[in-house]
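Here is the structure we will look at.
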């Protein structure tokens, strides 16, 4: 609790110091949907971590005696046409999805932040070249580049991760460059320069911490987007190759089998949808919590969120 | 900037973008492992030939390679490929050597275009009224319901929704609408609905936002003060100005919709560009896979140009740059 000091008979409540993080958490807590989303995302991450150990079967185990078995006690989510236990498939898919989407988003983030910092700091030719590339990547959906990259590299975890991650950098680069341009000529950087700080030093210790919040929010939106891209690749037959399970494979497979064996779609599609929505709630909550300026006027906040549609639509990169 | 100068500049920008797409695509497929001349694609006869008469087998492959120009240096191949594609000379695909790609496009492109434009049209037709409604009833249960629903609609990708629609109209209520194929009006309904759900959400949210903003403007108060009926104030003064901003979201939304047609066509087994693209990529059919991406990209880039011009027409204050 706040310390109370008595000065000349008047009780003055010393202002309590709040860290930025606790303030952000306080703002985040207000958003119930974001809290619920965080719980689901947490459960998803835990299941993804322990899933392979608790799964009743290995993802490649087939049991033809029980092919296309409806949900029962033994197979809570039913089985598919090869007798895969769908519960195990879902659990393994979570593991694969976490590896691919977080890895891909992280890869995009690292490339994008480095190029964005470089473009913003250096200006001139470097800036021009990088921004032309960004324009190019924004002109056409990155999914198309992912298609070619998958064909070129292969159909296992790492190639798919790279194929999704490489086209995603433009988003981060544009964001970081914009923020850096706003700070480049500010007093903070000027002071650092006066002390003789090198460019790399300024970028690392002065600029990076100041763009971290925005980059983190972009990352939070990037992960569910990459989840969509990953499943989308599977839908056109260019994702993880069976027997590696993935949500996209299960959903695409359900599409052709839904008339006879609808349980093949109930569980994977529902779980996939819930995970996606939860991620978006979390990202939305983070956006409000970490960008207090956007939160001041509810209307501005709403409009900014409307902008996400644009980001989702054209997070393109190729 | 003058219109002619602007268009010239944009034209060259588009040319460079598309050429890069073609070149990058070609090189990536070129360096990819595997070959189209596999038993799965060419029939069992090829692998038998390889065993029984290796010399004839090599000769056969060489003749195919020289037919498709695959024996030339990579730079030359890329240059020629880009140039031929830009002049709409696509040649034939590996899978159907007897049918020019142009003919395949002629039957597939209209289908994808109907899906994409239908989805955008439906989204505007539904989203604008819903957005206006949400803005007029802002901060009521109706507003929050619409906002939440559109948030969910935005989060769910079209292919999940498509599978869901197949379930509803194929298993639960069969016989109302066909759930696969292409050819008549009924078969277009579900794919377009699946594609437009996300767009309806986007348009609703965006319209709501800009309407709320517009309704607080001075000119709306002035119009009300003049005694103009509220209905007219909303439709004529506020909505008209909000729609200008809406045009700018159509471009990116369209890009994502074109992408989604590729997925949705798979689920509903529609013979559009997306199906051409998917089968071509799965079979390493180099000309067809690059051409389908090229045409889809062209559609997106062209739509962006149209949107920019439209924006200029609707808002004279906007300067083309």
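Protein chains in written order, with this note's numbering: chain A, 15 to 332; chain B, 260 to 580. Yeah, the Cβ is synthetic: ideal placement off N, Cα and C, and Gly gets one too.
Practice task
Alpha carbon to alpha carbon, how far is residue 455/B from residue 226/B? Give it in angstroms, no decimals.
Solution key: Any property of residue 226/B remains undetermined from this structure, which presents chain B solely from 260 to 580.
Exercise for the section: Compare the C-alpha of residue 340/B against each of 390/B, 262/B and 284/B and name the closest. Expected result: Numbered from 1 along the second chain, position 81 holds the residue referred to as residue 340/B. With distances taken between Cα atoms, residue 340/B lies closest to 284/B.
Practice task
Could you check the C-alpha separation between residue 356/B and residue 363/B for me, to the nearest Å?
Solution key: To locate residue 356/B, count along the second chain from 1; it is residue 97. To locate residue 363/B, count along the second chain from 1; it is residue 104. Roughly 11 Å between the two C-alpha positions.
Exercise for the section: Could you please give me the residues that DSSP links to residue 99/A through a beta bridge? Expected result: Taking the first chain and counting its residues from 1, the one referred to as residue 99/A is at position 85. Beta-bridge pairing links residue 99/A to 93/A.
Problem - Where residue 287/A meets chain B, residues with beta-carbon distance less than 7 Å - result: Residue mapping note: residue 287/A aligns to position 273 of the first chain, counting from 1. Per Cβ cutoff of 7 Å: 415 and 419.
Exercise for the section: Closer than 7 Å by beta-carbon distance: list the chain A residues that pair up with residue 432/B, in chain order. Expected result: Here residue 432/B corresponds to residue number 173 of the second chain, with the count starting at 1. Under the 7 Å cutoff, chain A gives no residues; its nearest Cβ is about 13 Å from residue 432/B.
Problem - Contacts of residue 354/B in chain A (Cβ-Cβ under 7 Å) - result: The residue you call residue 354/B lines up with position 95 of the second chain. The premise fails here: residue 354/B is roughly 15 Å from chain A at the closest Cβ pair, so nothing lies under 7 Å.
Handout entry: Element boundaries [alpha helix (DSSP H), containing residue 339/B]
Key = Within the second chain, residue 339/B is the residue found at index 80, counting from 1. From DSSP, the alpha helix (DSSP H) with residue 339/B extends over 333 to 345.
Handout entry: the stretch 150 to 164 of chain A touching the stretch 549 to 566 of chain B, judged by at least three CB pairs closer than 8 Å
Key = yes
Problem - Test: residue 541/B CB closer than 7 Å to a CB of chain A - result: For the purposes of this step, residue 541/B is identified with residue 282 of the second chain, where counting begins at 1. Answer yes: the Cβ-Cβ gap between residue 541/B and chain A drops below 7 Å somewhere.
Exercise for the section: Report yes or no: do the stretch 72 to 87 of chain A and the stretch 262 to 269 of chain A share at least 3 C-beta pairs separated by less than 8 Å? Expected result: no
Exercise for the section: May I have a chain-ordered list of the alpha helix (DSSP H) segments no shorter than 4 residues that lie completely inside the stretch 174 to 232 of chain A? Expected result: 183 to 198, 201 to 208 and 213 to 216
Exercise for the section: Would you kindly work out how many angstroms separate the C-alpha atoms of residue 436/B and residue 450/B, rounded to a whole number? Expected result: For the purposes of this step, residue 436/B is taken as the residue at position 177 of the second chain. For the purposes of this step, residue 450/B is taken as the residue at position 191 of the second chain. When rounded, the distance between both Cα atoms is 11 Å.
Exercise for the section: Pull out every residue of the stretch 268 to 283 of chain A whose Cβ sits closer than 7 Å to any Cβ of chain B, in chain order. Expected result: 268, 269, 272, 273, 276, 279 and 283
Exercise for the section: Report the partner residues of residue 359/B according to the DSSP bridge assignment. Expected result: As a position in the second chain, residue 359/B is number 100, starting the count at 1. Residue 359/B pairs with 351/B.
Practice task
Go ahead and label residue 383/B buried or exposed: buried means 16 or more other beta carbons lie within 10 angstroms of its beta carbon, across all protein chains shown.
Solution key: By one-based count along the second chain, residue 383/B stands at place 124. Buried, by the Cβ-count rule.
Practice task
Would you mind reading off the limits of the alpha helix (DSSP H) that contains residue 46/A?
Solution key: To locate residue 46/A, count along the first chain from 1; it is residue 32. Start and end: 46 to 68.
Handout entry: Proximal chain A residues relative to residue 559/B, where beta-carbon distance stays under 8 Å
Key = To locate residue 559/B, count along the second chain from 1; it is residue 300. Neighbours of residue 559/B on chain A, chain order: 153, 154 and 155.
Exercise for the section: Give the DSSP-derived three-state secondary structure of residue 429/B in the structure shown. Expected result: Working through the second chain from its first residue, we reach residue 429/B at position 170. Residue 429/B: helix per DSSP, three-state reduction.
Exercise for the section: Consult DSSP for residue 275/A and reduce its assignment to one of helix, strand or coil. Expected result: Translated into the one-based positions of the first chain, residue 275/A becomes position 261. The answer is coil: DSSP assigns residue 275/A none of H, G, I, E or B.
Practice task
Can you tell me which of the three DSSP states residue 169/A falls into?
Solution key: Reading the first chain from its first residue, position 155 is the one you call residue 169/A. Looking at residue 169/A - three-state DSSP - the assignment turns out to be coil, as it is neither helix nor strand.
Problem - Supposed close pair residue 38/A, residue 304/A - CB separation, criterion 8 Å - result: Here residue 38/A corresponds to residue number 24 of the first chain, with the count starting at 1. Here residue 304/A corresponds to residue number 290 of the first chain, with the count starting at 1. Right, their Cβ atoms sit about 6 Å apart.
Problem - Rounded C-alpha distance that separates residue 72/A from residue 238/A - result: Here residue 72/A is taken as the residue at index 58 of the first chain, counted from 1. Here residue 238/A is taken as the residue at index 224 of the first chain, counted from 1. Taking the straight line from one Cα to the other gives about 26 Å.
Practice task
Could you check if residue 574/B is buried or exposed, using at least 16 other CB atoms within 10 Å of its CB as the buried criterion?
Solution key: Within the second chain, the letter at position 315 stands for residue 574/B. Exposed, by the Cβ-count rule.
Practice task
For residue 250/A, decide whether its Cβ has a neighbour in chain B, counting only Cβ atoms nearer than 7 Å.
Solution key: Counting from one through the first chain, the residue named residue 250/A turns up at place 236. Yes, because at least one Cβ of chain B sits closer than 7 Å to the Cβ of residue 250/A.
Problem - Inter-residue Cα distance where the pair is residue 314/B and residue 521/B - result: Position 55 of the second chain, counted from the first residue, corresponds to residue 314/B. Position 262 of the second chain, counted from the first residue, corresponds to residue 521/B. For residue 314/B and residue 521/B, the distance between alpha carbons rounds to 42 Å.
Problem - Residue ranges of each alpha helix (DSSP H) within the stretch 239 to 305 of chain A, 4 or longer - result: 261 to 271 and 277 to 304
Exercise for the section: Please work out which residues of its chain come closer than 8 Å, Cβ to Cβ, to residue 379/B, disregarding the five sequence neighbours upstream and downstream, and give them in chain order. Expected result: If you number the second chain from 1, residue 379/B lands on position 120. The answer, listed in chain order, is 455, 458, 509, 512, 513 and 516.
Handout entry: Range of the contiguous alpha helix (DSSP H) that encloses residue 549/B
Key = The sequence position of residue 549/B within the second chain is 290, counting from 1. Element bounds for residue 549/B: 545 to 573.
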